[in-house]
Amino acid sequence: DGGITQSPKYLFRKEGQNVTLSCEQNLNHDAMYWYRQDPGQGLRLIYYSQIVNDFQKGDIAEGYSVSREKKESFPLTVTSAQKNPTAFYLCASGSSGTDTQYFGPGTRLTVL
Amino acid sequence: AQSVTQPDIHITVSEGASLELRCNYSYGATPYLFWYVQSPGQGLQLLLKYFSGDTLVQGIKGFEAEFKRSQSSFNLRKPSVHWSDAAEYFCAVGGGSTDSWGKFQFGAGTQVVVTP
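As you go down the protein sequences, you meet chains A and B in turn.
Every letter in the first sequence is one number past the one before it in my numbering, and letter 76, counting from 1, is 76.
Every letter in the second sequence is one number past the one before it in my numbering, and letter 110, counting from 1, is 1110.
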């Protein structure tokens, strides 16, 4: 089955710890994205990557970091510098030029 | 800058009744427009999209949307809702230009509740 997988589905961490969220796709898409979703605020773009070994900051990149070493993978690290990390995180991917984005099932991060 | 407004935060509709969700956008060029649906705790599923051509777009699950450039709107409709349509719906706008490639703006969402 082609698709986007995110793991884990639920993640709990203590305050001050870094945590890495996984996103993998087997759709052969060039572009990948990370969004944060909070109640009543829609989706906000954290980082995006249009090609391997390249990525750009989105609207709320502070306190987050990413890497894109492989086409299939785009992990997101939530660092201790992120002031309010508890949220639902969504990964998406899309083919170059079509602009349609397809989403993974999401990871709910809770920082205690 | 591009932006999307979904004026209705919450809509309650009876099963079998029609549904219309509003979406207004602001964008300098011809927009790419999308509607997504999200069930609780899940990712977003694409319902339909508009890039160009016929302004009435058919999607999955019996949904359709109409692009009206003069009103900067892309409203989503379904003639007869089913209990399984209860979910949150997001309108999104993106652009085909190099500068805005892949950068979507999402509305805040409309929560749809379906009553028996």
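Using N, Cα and C, we set each Cβ at its ideal position, and we do this for glycine too.
Just so we're clear, the structure is a prediction, and the values are computed from it rather than from any experiment.
Look at the alpha carbon of residue i and the alpha carbon of residue j, and state the distance between them as a whole number of angstroms.
| i | j | result |
| --- | --- | --- |
| N53 (chain A) | A1086 (chain B) | 40 Å |
| Q32 (chain A) | H1082 (chain B) | At residue 32 (chain A) the sequence reads Met, which differs from the Gln that was named. In a straight line, the C-alpha of M32 (chain A) is about 33 Å away from that of H1082 (chain B). |
| P1007 (chain B) | F1090 (chain B) | 11 Å |
| K1078 (chain B) | K57 (chain A) | 37 Å |
| P75 (chain A) | P1116 (chain B) | 43 Å |
| E24 (chain A) | A92 (chain A) | 10 Å |
| K9 (chain A) | T110 (chain A) | 11 Å |
| K14 (chain A) | L45 (chain A) | 24 Å |
| Q101 (chain A) | S73 (chain A) | 16 Å |
| A87 (chain A) | R68 (chain A) | 22 Å |
| T77 (chain A) | N18 (chain A) | 7 Å |
| D30 (chain A) | P1040 (chain B) | 28 Å |
| I1060 (chain B) | E1066 (chain B) | 14 Å |
| G1062 (chain B) | N1075 (chain B) | 14 Å |
| N26 (chain A) | I4 (chain A) | 7 Å |
Determine the extent of the beta strand (DSSP E) in which residue i is found, giving its start and end residues.
| i | result |
| --- | --- |
| Q1117 (chain B) | What is shown of chain B runs 1001 to 1116, which leaves residue 1117 (chain B) out entirely. |
| N84 (chain A) | No beta strand (DSSP E) contains N84 (chain A), which DSSP labels as neither H nor E. |
| P1031 (chain B) | 1031-1038 |
| N53 (chain A) | Careful: N53 (chain A) lies outside any beta strand (DSSP E) and carries neither H nor E. |
| C23 (chain A) | 19-25 |
| F1074 (chain B) | 1073-1078 |
Inspect the beta-carbon positions of residue i and residue j and report whether they are closer than 8 Å.
| i | j | result |
| --- | --- | --- |
| V1114 (chain B) | V1004 (chain B) | no |
| L1047 (chain B) | L90 (chain A) | no |
| A1092 (chain B) | F1051 (chain B) | no |
| S1026 (chain B) | S1073 (chain B) | no |
| L43 (chain A) | Q50 (chain A) | no |
| E1088 (chain B) | T1055 (chain B) | no |
| P105 (chain A) | Q1042 (chain B) | yes |
| L21 (chain A) | Q41 (chain A) | no |
| Y1036 (chain B) | G1094 (chain B) | no |
| Y47 (chain A) | F55 (chain A) | yes |
Cβ closer than 8 Å: which chain A residues qualify as neighbours of residue i?
| i | result |
| --- | --- |
| Q1042 (chain B) | P105, G106 |
Using a C-beta to C-beta distance shorter than 7 Å, which residues of chain A count as neighbours of residue i?
| i | result |
| --- | --- |
| K1049 (chain B) | T100 |
| A1108 (chain B) | G40, Q41, G42 |
| G1094 (chain B) | D99 |
List the residues of chain B that residue i touches, going by C-beta distances under 8 Å, in chain order.
| i | result |
| --- | --- |
| Q25 (chain A) | By Cβ distance, chain B contributes nothing, its closest Cβ being about 12 Å from Q25 (chain A), past 8 Å. |
| L45 (chain A) | K1103, F1104 |
| L90 (chain A) | G1043, L1044 |
Using a cut-off of 9 Å between C-beta atoms, extract the partners of residue i located in chain A.
| i | result |
| --- | --- |
| F1090 (chain B) | G42, L43 |
| Y1025 (chain B) | None at all; the shortest Cβ gap to chain A is about 13 Å. |
- Task: Answer yes if the segment 82-90 of chain A comes into contact with the segment 1020-1030 of chain B, meaning at least three C-beta pairs across the two stretches below 8 Å, and no otherwise.
- Result: The segment 1020-1030 of chain B makes no contact with the segment 82-90 of chain A: fewer than 3 CB pairs, one atom from each, lie closer than 8 Å.
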